[in-house]
Amino acid sequence: MKIGTRIGLAAALAVQLCPAGVRAGEAEQAELCRDDVIRLCASAIPNRGRIIGCMKVQRASLSAGCRAIFDEQMSAPDGDRSPNAR
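Structure, rendered in structure tokens:
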């Protein structure tokens, strides 16, 4: 897979990891995690489930902004905000 395609997929998947109820600022949130997905979990792209699993394993290595989004996502009580929500 070409690097441009991988980056595009990573950005799209990063948006999916953002809380579903938060639409304003979604692009900024995706930007916070895009580099982490590429840096830490590139081998998991484009498999969303594998990326989420990788990010859980790599949580300590996530950037502060991405970790905050990811932690919020993982601790959200409602089903709409789970990492598997679309």
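Those letters in the sequence shown? Residues -24 to -1, 1 to 62, by mature numbering (1 follows the signal peptide of the UniProt record, and there is no 0).
Backbone N, C-alpha and C define an ideal beta-carbon position, used for all residues, glycine too.
Only a predicted model underlies this, so the values are computations on that prediction, with no experimental measurement involved.
State yes or no: is the beta carbon of residue i nearer than 8 Å to at least one beta carbon in chain D?
i: Arg10; result: The structure shown contains no chain D, having only a single protein chain.
Counting along the chain, where does the alpha helix (DSSP H) carrying residue i start and finish?
i: Gln49; result: 40 to 51
i: Arg24; result: 24 to 33
Could you check how far apart the C-beta atoms of residue i and residue j are, in whole angstroms? I think they sit under 8 Å.
i: Cys30; j: Leu8; result: Between Leu8 and Cys30 the Cβ distance is about 16 Å, and since that is not below 8 Å, they are no contact.
Using a Cβ-Cβ cut-off of 6 Å (strictly less than) and excluding sequence neighbours within five positions of residue i, which residues of its own chain qualify?
i: Asp12; result: Leu38, Ser39, Cys42
i: Gln34; result: Leu16
Determine the burial state of residue i: buried for a count of at least 16 other Cβ atoms within 10 Å of its Cβ, exposed for fewer.
i: Ala3; result: exposed
i: Val(-3); result: The predicted model places Val(-3) with a pLDDT of 47, which falls under 50 and marks its position as unreliable; any figure quoted below should be read in that light. Val(-3) is exposed by the Cβ-count criterion.
i: Arg10; result: buried
i: Ala6; result: buried
i: Asp47; result: exposed
Could you name the residues of the same chain whose beta carbon sits closer than 7 Å to that of residue i, not counting the 5 residues immediately before and after it, in chain order?
i: Ala20; result: Arg26, Ile27, Cys30
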